[in-house]
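Chemist:
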Amino acid sequence: MAFSMIVINCAVGPRAYVNLCPHYSMPLDAGTGRFVNGNGLVECLQHFALFRPEDGACVAGACEGASLDPVPLRCDAEGRLFIGG
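My numbering applies: residue 28 is where the sequence shown begins, and numbers increase by one.
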């Protein structure tokens, strides 16, 4: 199964999420490649919902209380990221 995802390096380390807003299942970036706003929050450019990068929780907007779907990541000793646990 193919899907679009985003990877964000935040204070607690890298996090990955499916590139879909839980409000209406549309890509967060609206095709711009821009995901993080000036305040360090993930922003849905379709609905302007805001999500914490650390856990994907929506903190403002139409889907407040929902969360982005996480994608499990693993980091090896050389710092390479791998999808999966």
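Just so you know, even glycine gets a beta-carbon here, dropped at the ideal spot from N, CA and C.
DSSP state of P97, grouped into three classes?
Modeler: Here residue 97 refers to the residue found at position 70 of the sequence shown. In this structure, P97 counts as strand in the three-state DSSP scheme.
Chemist: Take the Cβ of E70 as the centre, count every other Cβ of all protein chains shown within 10 Å, and call the residue buried at 16 or more, exposed below.
Modeler: Stepping through the sequence shown from its first residue, residue 70 is reached at position 43. Buried: at least 16 other Cβ atoms inside 10 Å.
Chemist: Which residue's Cα is closest to the Cα of G111: G60, G65, R42?
Modeler: On the sequence shown, residue 111 is found 84 positions in, with the first residue counted as 1. Ranking G60, G65, R42 by Cα distance to G111 puts R42 first.
Chemist: Once DSSP output is grouped into helix, strand and coil, what is the label at N46?
Modeler: By 1-based counting over the sequence shown, the position of residue 46 is 19. Three-state result, N46: coil.
Chemist: Roughly how many whole angstroms lie between the Cα atoms of C48 and F75?
Modeler: As a position in the sequence shown, residue 48 is number 21, starting the count at 1. As a position in the sequence shown, residue 75 is number 48, starting the count at 1. So the alpha carbons of these two residues sit roughly 10 Å apart.
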